[in-house]
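Input: a single structure, listed below in structure tokens.
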Amino acid sequence: MNSKKKSDSNLGLMLLLFSVIILSCNNSDHTNHIEKQKLLNEVIYTCPMHPEVESYQPGICPKCNMKLELKVNDASDQIISPNKQVLSRQSTVKLNAQSETQSLKAQGYIDLDRNRNQTVSSRLGGRIEKLYVKYDL
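In the working numbering, the protein residues as written are 51 to 187.
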């Protein structure tokens with residue numbers, strides 16, 4: 051009888067542990083909400099001339115020595131609820147970096163680009179007898 055109680059208590063403990071694990075894994079909405087709040091509350095300072103320069107505190111741009119200005123975070127405009135997404139019929143895609151392995155074969159002909167031709171006017175009148183030019187095609 052004692053072993054029966056132990057096996058029942060072990061079974062109950064395992065069921066409890068299993069249910070806790072299952073319930074803790076289903077917390078994605080809360081995590082997404084926290085990440086959205088971090089995006090909305092994050093304060094970033096940026097240079098007006100060099101937008102690639104960003105800082106979490108006010109300071110001076112290392113490139114042009116201008117004062118960093120507060121960047122307006124427009125992440126709230128980019129967050130679309132699923133209902134609005136369905137109503138607007140917009141599809142969103144998460145970007146990921148990957149190398150392109152496909153190649154394209156095409157038939158055609160090579161022609162000289164006439165827009166890259168340059169002329170130099172002579173300072174003196176007359177004609178040119180010989181002209182030595184190095185030209186790489």
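We treat Cβ as the ideally placed atom computed from N, Cα and C, and that holds for glycine.
The beta carbon of residue 109 is closer than 6 Å to those of 118 in its chain, skipping five residues each way along the sequence. Taking all protein chains shown into account, residue 97 has 16 or more neighbouring C-beta atoms within 10 Å of its C-beta and is therefore buried. Collapsing the DSSP output to three states places residue 105 in a strand. The residue from 185, 175, 106 with its alpha-carbon nearest to that of residue 166 is 185. Within the model, the alpha-carbon separation for residue 103 versus residue 179 is close to 56 Å.
For residue 154, there is no enclosing alpha helix (DSSP H), since its DSSP letter is neither H nor E. Residue 62 has its alpha-carbon roughly 48 Å from the corresponding atom of residue 140. In this structure, the straight-line span from the alpha carbon of residue 131 to that of residue 69 is close to 30 Å.
For residue 71, the three-state secondary structure derived from DSSP is helix. In the structure shown, the three-state DSSP call for residue 184 is coil.
Sequence-distant Cβ neighbours of residue 105 in its own chain, meaning closer than 8 Å and more than five residues away, are 94, 95, 96, 118.
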